[in-house]
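Have a look at this one:
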């Protein structure tokens, strides 16, 4: 019998051994997901007095897709453990601070098992990492999107979820932001914030004796980018774009002393700057895109600091 | 819970990564503090099953004139019991309350 999305759920666990399934430790409310297990099937086309496909040969398989969710700090902290970032944990129960700074590893320190139950059917994706992630503020709400790449999928016994409550499970909405351009100078002329880190992961296949899944997933070049829309009032910022002037940018979303997400781009340089006259009644706004480049102090193009109650071990 | 209500299960929460005392929700059952133990009454256990109903389809034969044909019908049934739902999970432990020990027979001559 068909089911609807609302009855489904997603649970995650950090794996002890990459690719070995672990039942969910944390259940995460999501907006939508698109995880699939593409397989590169080889469709046989031999020349032997036929013009049809002669059959199929097993090709390599992997897991890929996106999960979109509200930026809930407990969940964000958990997913970023499987990104290409060095995680530093501070604090004691019940309040923790996790600092994630991009690193140069080829494979992540930790991978995840992601369990997705669709219409009562269990899909267990293993060896998953966060290939790219983004934070965006849309209509006042902070959202978090992760692009997942993993090794393989199988069925597992159905878990029964529990759902966290309290401050850490309330989304960031209007009135919780402090955007600083440059860092330490709060601005009030900006909206449509979108920050993206893309580590360009690729599934790696090796000659193996059983299964089709990837042997591991490796990261590639990293791109850090930020786009914002600002009111266009003076040329100063535009001239800084022409001069390739670097500046630090910070977005702090906070619900209290122990519940916040802070995004830092220590060295942001404008890539594009557009402020056209788009219509008689349109406000003149600047659409600005930045690259977050390597920072000699932090050793990366970005840093994300999450204050939450999730004790991640 | 009144004295009249029978305890069906004992629920113990040990959700990893969640501080003791932090509340977690079990849909259909309620909100509970991590690290604590709760008595679940028969009514609450029944509500849980009703809140987590499952639908199943099956094929039945119906008369169609002189012939019989297959039609697919759906049936709604109660969801799993708490014991079934959390079987094998380490974060939520469900058990039945310990049965009271039978009283020893008094020996003749005991006062």
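Residue numbers (the numbering used here), protein chains in the order written: chain A, 2 to 314; chain D, 702 to 812.
Cβ atoms here follow ideal geometry from the backbone N, Cα and C, with glycine treated the same way.
Output the boundary residues of the alpha helix (DSSP H) element that contains residue i.
{"i": "residue 190 of chain A", "result": "Neither: residue 190 of chain A is in no alpha helix (DSSP H) and is coded neither H nor E."}
{"i": "residue 824 of chain D", "result": "No answer is possible for residue 824 of chain D: it lies beyond the span of chain D, which begins at 702 and ends at 812."}
{"i": "residue 75 of chain A", "result": "74 to 81"}
{"i": "residue 745 of chain D", "result": "743 to 752"}
{"i": "residue 239 of chain A", "result": "237 to 243"}
Cα-Cα, which of the options is closest to residue i?
{"i": "residue 721 of chain D", "options": "A/294, A/297, A/96", "result": "A/96"}
{"i": "residue 67 of chain A", "options": "A/45, A/43, A/11", "result": "A/11"}
{"i": "residue 28 of chain A", "options": "A/218, A/255, A/59, A/115", "result": "A/115"}
{"i": "residue 8 of chain A", "options": "A/118, A/40, A/38, A/106", "result": "A/118"}
{"i": "residue 276 of chain A", "options": "A/260, A/248, A/240", "result": "A/240"}
{"i": "residue 85 of chain A", "options": "A/280, A/42, A/235, A/130", "result": "A/130"}
{"i": "residue 259 of chain A", "options": "A/39, A/36, A/74", "result": "A/74"}
{"i": "residue 173 of chain A", "options": "A/77, A/245, A/120, A/25", "result": "A/77"}
{"i": "residue 739 of chain D", "options": "D/725, D/710, D/763, D/792", "result": "D/710"}
{"i": "residue 105 of chain A", "options": "A/219, A/16, A/194", "result": "A/219"}
{"i": "residue 777 of chain D", "options": "D/712, D/753, D/770", "result": "D/753"}
{"i": "residue 140 of chain A", "options": "A/194, A/292, A/128, A/110", "result": "A/194"}
{"i": "residue 243 of chain A", "options": "A/108, A/41, A/289", "result": "A/289"}
{"i": "residue 316 of chain A", "options": "D/797, D/792, D/799", "result": "The question about residue 316 of chain A has no answer, for chain A in this structure spans 2 to 314."}
{"i": "residue 137 of chain A", "options": "A/202, A/175, A/62, A/98", "result": "A/175"}
{"i": "residue 21 of chain A", "options": "A/152, A/49, A/121", "result": "A/152"}
{"i": "residue 94 of chain A", "options": "D/713, D/706, D/723, D/708", "result": "D/723"}
{"i": "residue 782 of chain D", "options": "D/725, D/799, D/749", "result": "D/749"}
{"i": "residue 158 of chain A", "options": "A/123, A/63, A/150, A/14", "result": "A/123"}
{"i": "residue 13 of chain A", "options": "A/202, A/232, A/163", "result": "A/163"}
{"i": "residue 1 of chain A", "options": "A/269, A/135, A/156", "result": "Nothing can be reported for residue 1 of chain A, as the shown portion of chain A is limited to 2 through 314."}
{"i": "residue 232 of chain A", "options": "A/205, A/191, A/270", "result": "A/191"}
{"i": "residue 15 of chain A", "options": "A/62, A/300, A/79", "result": "A/79"}
{"i": "residue 216 of chain A", "options": "A/286, A/61, A/263", "result": "A/61"}
{"i": "residue 755 of chain D", "options": "A/42, A/38, A/2", "result": "A/2"}
Give a yes or no on whether the minimum CB-CB distance between residue i and chain C is below 9 Å.
{"i": "residue 796 of chain D", "result": "Going by chain labels, chain C is absent from the structure shown, which instead holds the protein chains A and D."}
Applying the 10 Å Cβ sphere with the 16-neighbour rule, what's the burial state of residue i?
{"i": "residue 113 of chain A", "result": "buried"}
{"i": "residue 267 of chain A", "result": "buried"}
{"i": "residue 812 of chain D", "result": "Its pLDDT being 43, under 50, residue 812 of chain D is placed unreliably by the model, and the measurement read from it follows with that caveat. Flag for residue 812 of chain D reads exposed."}
{"i": "residue 47 of chain A", "result": "exposed"}
{"i": "residue 295 of chain A", "result": "exposed"}
{"i": "residue 304 of chain A", "result": "buried"}
{"i": "residue 100 of chain A", "result": "buried"}
{"i": "residue 278 of chain A", "result": "exposed"}
{"i": "residue 160 of chain A", "result": "buried"}
{"i": "residue 19 of chain A", "result": "buried"}
{"i": "residue 65 of chain A", "result": "buried"}
{"i": "residue 719 of chain D", "result": "buried"}
{"i": "residue 207 of chain A", "result": "exposed"}
{"i": "residue 133 of chain A", "result": "buried"}
{"i": "residue 1 of chain A", "result": "It is not possible to answer for residue 1 of chain A, since the shown part of chain A is limited to 2 through 314."}
{"i": "residue 63 of chain A", "result": "buried"}
{"i": "residue 58 of chain A", "result": "exposed"}
{"i": "residue 236 of chain A", "result": "exposed"}
{"i": "residue 306 of chain A", "result": "buried"}
Rounded to the nearest angstrom, what separates residue i and residue j at their Cα positions?
{"i": "residue 145 of chain A", "j": "residue 52 of chain A", "result": "48 Å"}
{"i": "residue 852 of chain D", "j": "residue 185 of chain A", "result": "Because chain D in this structure spans residues 702 to 812, residue 852 of chain D falls outside the shown range and cannot be described."}
{"i": "residue 45 of chain A", "j": "residue 284 of chain A", "result": "58 Å"}
{"i": "residue 5 of chain A", "j": "residue 758 of chain D", "result": "15 Å"}
{"i": "residue 210 of chain A", "j": "residue 298 of chain A", "result": "46 Å"}
{"i": "residue 69 of chain A", "j": "residue 717 of chain D", "result": "24 Å"}
{"i": "residue 83 of chain A", "j": "residue 214 of chain A", "result": "19 Å"}
{"i": "residue 731 of chain D", "j": "residue 247 of chain A", "result": "52 Å"}
{"i": "residue 745 of chain D", "j": "residue 272 of chain A", "result": "59 Å"}
{"i": "residue 773 of chain D", "j": "residue 743 of chain D", "result": "34 Å"}
{"i": "residue 789 of chain D", "j": "residue 89 of chain A", "result": "32 Å"}
{"i": "residue 660 of chain D", "j": "residue 734 of chain D", "result": "Outside the displayed span of chain D (702 to 812) sits residue 660 of chain D, for which this structure offers no information."}
{"i": "residue 108 of chain A", "j": "residue 280 of chain A", "result": "48 Å"}
Quick check on the DSSP output: the beta strand (DSSP E) that includes residue i runs from which residue to which?
{"i": "residue 118 of chain A", "result": "113 to 119"}
{"i": "residue 768 of chain D", "result": "768 to 778"}
{"i": "residue 234 of chain A", "result": "Run containing residue 234 of chain A: none; DSSP gives neither H nor E here."}
{"i": "residue 346 of chain A", "result": "One cannot answer for residue 346 of chain A here, as it falls past the ends of chain A, which runs 2 to 314."}
{"i": "residue 213 of chain A", "result": "Looking at the DSSP string, residue 213 of chain A is not in any beta strand (DSSP E), and its letter there is neither H nor E."}
{"i": "residue 134 of chain A", "result": "122 to 139"}
{"i": "residue 218 of chain A", "result": "217 to 219"}
{"i": "residue 70 of chain A", "result": "64 to 71"}
{"i": "residue 251 of chain A", "result": "247 to 257"}
{"i": "residue 713 of chain D", "result": "708 to 714"}
{"i": "residue 158 of chain A", "result": "Counting along the chain, residue 158 of chain A falls outside any beta strand (DSSP E), and DSSP gives it neither H nor E."}
{"i": "residue 8 of chain A", "result": "First-last for residue 8 of chain A: undefined, no H or E at that position."}
TODO: State whether the stretch 223 to 235 of chain A contacts the stretch 187 to 203 of chain A, with contact taken as three or more CB pairs (one from each stretch) at a distance under 8 Å.
DONE: They touch, by the three-pair rule.
Open item on the list: Three or more C-beta pairs under 8 Å: does that hold for the stretch 163 to 174 of chain A against the stretch 306 to 313 of chain A?
Closed with: yes
Open item on the list: Three or more C-beta pairs under 8 Å: does that hold for the stretch 144 to 163 of chain A against the stretch 32 to 41 of chain A?
Closed with: The stretch 144 to 163 of chain A is in contact with the stretch 32 to 41 of chain A.
Open item on the list: Under 8 Å, with one C-beta from each stretch per pair, do the stretch 252 to 261 of chain A and the stretch 177 to 184 of chain A reach the 3-pair mark?
Closed with: Here the stretch 252 to 261 of chain A lies against the stretch 177 to 184 of chain A, with 3 or more beta-carbon pairs under 8 Å apart.
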